[in-house]
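Peer 1: Submitted below is the structure of interest, expressed as structure tokens.
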Amino acid sequence: MNTTARMLAWGVGQPVGAALAGAVSVAMGDPRAGVAAGVLVLFSGVVLAWVTPVLRHAA
Amino acid sequence: MVKRTGELHASERDFSRYLAARVLSVVGAVVSAVSLPVLVYQLTGSAGWTSAVAVAEALPYLVFGLLAGALADRLDRRAMMVALDFGVAAVLLSVPLAWWAGVLSAPHVVVVAFATQTAFVFFDAANFGALPALVGKDRLTAAYSTLYGRTTVVELVVPGLTGLVIAVVAPAALLTVNALTAVGSALLLRGIASSMANPRPVRGAGELVADVREGLRFLWREPIIRTLTLVGATHSVASGAWVAVLVPFADRVLGVAPRGDVRLAALFSCWGVGAIVASRLVPRPDRALGWRAARVDGAAAVAARRRLRPGQPGIGCLYVWRRVLGCRACPPWCSTGSRTGSRCARRSCSRG
């Protein structure tokens with residue numbers, strides 16, 4: 867289970883993030899847009915962690 | 430008794446060789462992790478190609494991770510690691526050779542990045558079981574402690590040094606260093622006499638697939654694990670994005686040229702500094718905000734506390750960049766529209 871979770875979180879996240887940032891940077895012509903895209907995804911994870919009741923029950 | 434002392438000396442000698450091989454490998458891997466994106470950006474000036482290198486370096490873990498583990502359980506680990514080291518050296522040497530011949534291209538660099546990371550995934554799978562087999566259960570904790578102590582120092586120091594060297598040496602030529610460290614690692618591993626064979630029974634391929642299915646089912650059924658995996662994935666996406674555009678970002682936003690600029694060394698040094706800063710800061714919101722902070726900074730804590738990995742500068746990097754170096758340009762949270770030339774119009778940016 868640990869390996870599967872790590873494969874999904876790390877193995878999928880890294881290439882998807884790199885591809886996303888590259889595509890956005892090229893499309894917008896500014897590497898800051900690529901960084902911003904990554905930060906947006908990170909922020910969505912923060913929001914998810916903040917609002918989900920699942921982790922509150924676990925805490 | 431004499432025989433047992435002799436065995437102990439042989440075991441220590443083998444561990445020293447293994448340790449030296451691993452340290453050499455990590456030095457080489459870090460040199461490549463810094464050199465390849467800089468090289469491809471020098472060749473193309475394109476954020477797209479630079480991110481293609483990052484994608485090529487990240488994909489092998491996803492594609493070959495499970496296969497590599499299964500294969501490493503079935504093959505001679507030492508032979509596998511030695512062969513992979515020699516293979517990596519050959520692939521890497523193609524870059525400086527093509528560069529000296531004037532035929533180096535961006536696709537060539539991307540293919541090399543993919544090939545070397547693929548070799549690393551298989552090497553790492555073999556390496557994962559090699560140390561327990563080499564030192565035994567009793568000495569395993571001490572062995573891991575020594576190994577991670579040395580390699581963590583390398584991961585903290587070498588990125589900055591590589592950035593410094595890149596200011597005066599072409600990154601293509603610098604990849605020769607990684608080729609040499611790979612050869613050195615292969616020779617050291619070949620000199621190990623002790624067994625690195627799998628002490629546990631090898632599982633069948635069907636069992637492996639069943640394990641993966643069960644892992645996925647468990648993830649789907651357990652809401653806590655599912656949520657944490659999802660949050661972890663968003664963190665990895667951000668990390669991958671940052672790695673992909675770091676060099677173009679340094680050039681176009683921070684004004685750090687990809688060649689001849691020693692500040693590149695400071696930027697790459699932030700890899701380690703960011704992780705250390707984050708690991709020091711994480712407990713504070715935990716105390717102040719309780720469980721909410723624990724949720725939010727969980728991913729950051731994981732990133733900061735796990736072993737440093739080349740290509741993970743962390744947000745702390747940007748703080749260090751502003752505070753220590755007094756960078757000329759604004760950090761990314763200043764929008765393009767708020768900047769005028771190289772100066773920042775926002776009051777919050779004191780160094781503009």
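Heads up: the sequence lines are chains G and Z, in that order.
Quick note: the first sequence, position 6, residue 872 per the working numbering, numbers continuous.
Quick note: the second sequence, position 22, residue 451 per the working numbering, numbers continuous.
Just so you know, even glycine gets a beta-carbon here, dropped at the ideal spot from N, CA and C.
From a predicted model like this one, the values you see are computed outputs, not experimental measurements.
(1) With a threshold of 7 angstroms between beta carbons, is Z:W671 in contact with chain G?
(2) Please list, in chain order, the chain B residues whose beta carbon lies closer than 7 angstroms to that of Z:T547.
(3) Which of the residues in the segment 650-678 of chain Z, read from start to end, lie with their CB under 7 angstroms from any CB of chain G?
(4) Could you give the DSSP three-state label for Z:V676: helix, strand or coil?
(5) Counting only the same chain and skipping the five closest in sequence on each side, list residues whose C-beta sits under 7 angstroms from that of Z:P525.
(6) For my contact list, Z:L618 and Z:M510 are in at a C-beta cut-off of 8 angstroms; report their separation, rounded to the angstrom.
(7) Do Z:S623 and Z:S480 have their C-beta atoms within less than 7 angstroms of each other?
(8) Roughly how far, in whole angstroms, is the beta-carbon of G:G900 from the beta-carbon of G:V890, given that I think they are within contact range, below 8 angstroms?
(9) Rounded to whole angstroms, what is the Cα-Cα separation between Z:P561 and Z:A571?
(10) Between Z:A622 and chain G, is any beta-carbon pair separated by less than 7 angstroms?
(11) DSSP state of Z:G531, grouped into three classes?
(12) Taking Cβ-Cβ distances shorter than 9 angstroms, what residues in chain G pair up with Z:S464?
(13) Verify whether the separation of the beta carbon atoms of Z:L513 and Z:F552 is less than 7 angstroms.
(14) So, does the CB of G:P897 fall closer than 7 angstroms to a CB anywhere in chain Z?
(15) Can you find a C-beta in chain Z that's less than 7 angstroms from the C-beta of G:A875?
(16) Looking at C-alpha atoms only, which residue of Z:E486, Z:G565, Z:T663 is the closest neighbour of G:A915?
(17) Among Z:L500, Z:A544, Z:R506, which has the Cα closest to the Cα of Z:V517?
(18) Does the beta carbon of Z:L754 come closer than 7 angstroms to any beta carbon on chain G?
(19) Output yes if chain Z places a C-beta closer than 7 angstroms to the C-beta of G:P881; else output no.
(20) For a test of the three-state rule: what should DSSP assign to G:T918, helix, strand or coil?
(21) Distance cutoff 7 angstroms, beta carbons only. Does Z:G745 sit that close to anything in chain G?
Peer 2: On the basis of the data shown:
(1) Within the second sequence, numbered from 1, the residue matching residue 671 of chain Z stands at position 242. For Z:W671, the answer is yes, since a Cβ of chain G falls inside 7 angstroms of its Cβ.
(2) Considering every chain present, this structure includes no chain B. Its protein chains are G and Z.
(3) P652, I653, I654, T656, T658, L659, V660, G661, A662, T663, H664, S665, V666, A667, S668, G669, A670, W671, V672, A673, V674, P677, F678
(4) The count along the second sequence starts at 1 and reaches residue 676 of chain Z at position 247. DSSP places Z:V676 in helix when its eight states are reduced to three.
(5) Here residue 525 of chain Z refers to the residue found at position 96 of the second sequence. Only A601, A602, L604, T605 meet the Cβ criterion.
(6) The sequence position of residue 618 of chain Z within the second sequence is 189, counting from 1. The sequence position of residue 510 of chain Z within the second sequence is 81, counting from 1. Confirmed, Cβ separation roughly 5 angstroms.
(7) Taking the first residue of the second sequence as 1, we reach residue 623 of chain Z at position 194. Taking the first residue of the second sequence as 1, we reach residue 480 of chain Z at position 51. The answer is no: Cβ separation not under 7 angstroms.
(8) Position 34 of the first sequence, counted from the first residue, corresponds to residue 900 of chain G. Position 24 of the first sequence, counted from the first residue, corresponds to residue 890 of chain G. Contact flag correct, Cβ pair sits at about 5 angstroms.
(9) For this step, residue 561 of chain Z is matched to residue 132 along the second sequence. For this step, residue 571 of chain Z is matched to residue 142 along the second sequence. Using only the alpha carbons, I get a separation of about 11 angstroms.
(10) Taking the second sequence and counting its residues from 1, the one referred to as residue 622 of chain Z is at position 193. No, Z:A622 lies away from the interface with chain G (no Cβ there is under 7 angstroms from its Cβ).
(11) What you label residue 531 of chain Z is simply residue 102 of the second sequence in a count that begins at 1. Three-state DSSP puts Z:G531 in coil, outside helix and strand.
(12) By one-based count along the second sequence, residue 464 of chain Z stands at place 35. The premise fails here: Z:S464 is roughly 17 angstroms from chain G at the closest Cβ pair, so nothing lies under 9 angstroms.
(13) Residue 513 of chain Z sits at position 84 when you count from the first residue of the second sequence. Residue 552 of chain Z sits at position 123 when you count from the first residue of the second sequence. Yes, these two residues count as a Cβ contact at 7 angstroms.
(14) Locating residue 897 of chain G in the first sequence gives position 31, where the first residue counts as 1. Closer than 7 angstroms to some Cβ of chain Z, the Cβ of G:P897 qualifies, so yes.
(15) If you number the first sequence from 1, residue 875 of chain G lands on position 9. Yes, G:A875 lies at the interface with chain Z (some Cβ there is under 7 angstroms from its Cβ).
(16) Indexing the first sequence from 1 puts residue 915 of chain G at position 49. Minimum Cα distance to G:A915 is reached at Z:T663.
(17) Here residue 517 of chain Z corresponds to residue number 88 of the second sequence, with the count starting at 1. Of the listed residues, the one whose Cα sits closest to Z:V517 is Z:A544.
(18) Stepping through the second sequence from its first residue, residue 754 of chain Z is reached at position 325. Because the pLDDT at Z:L754 is just 39, under 50, the model does not fix this residue reliably, and the point stays unresolved.
(19) The residue given as residue 881 of chain G occupies position 15 in the first sequence. Using a Cβ-Cβ cut-off of 7 angstroms, G:P881 counts as an interface residue toward chain Z, since at least one Cβ of chain Z sits closer than that to its own.
(20) Here residue 918 of chain G refers to the residue found at position 52 when the first sequence is read from its first residue. Looking at G:T918 - three-state DSSP - the assignment turns out to be coil, as it is neither helix nor strand.
(21) To locate residue 745 of chain Z, count along the second sequence from 1; it is residue 316. Residue placement at Z:G745 is flagged as unreliable, the pLDDT there being 43, under the threshold of 50; the coordinate-derived value follows with that caveat. No, its Cβ sits nowhere closer than 7 angstroms to a Cβ of chain G.
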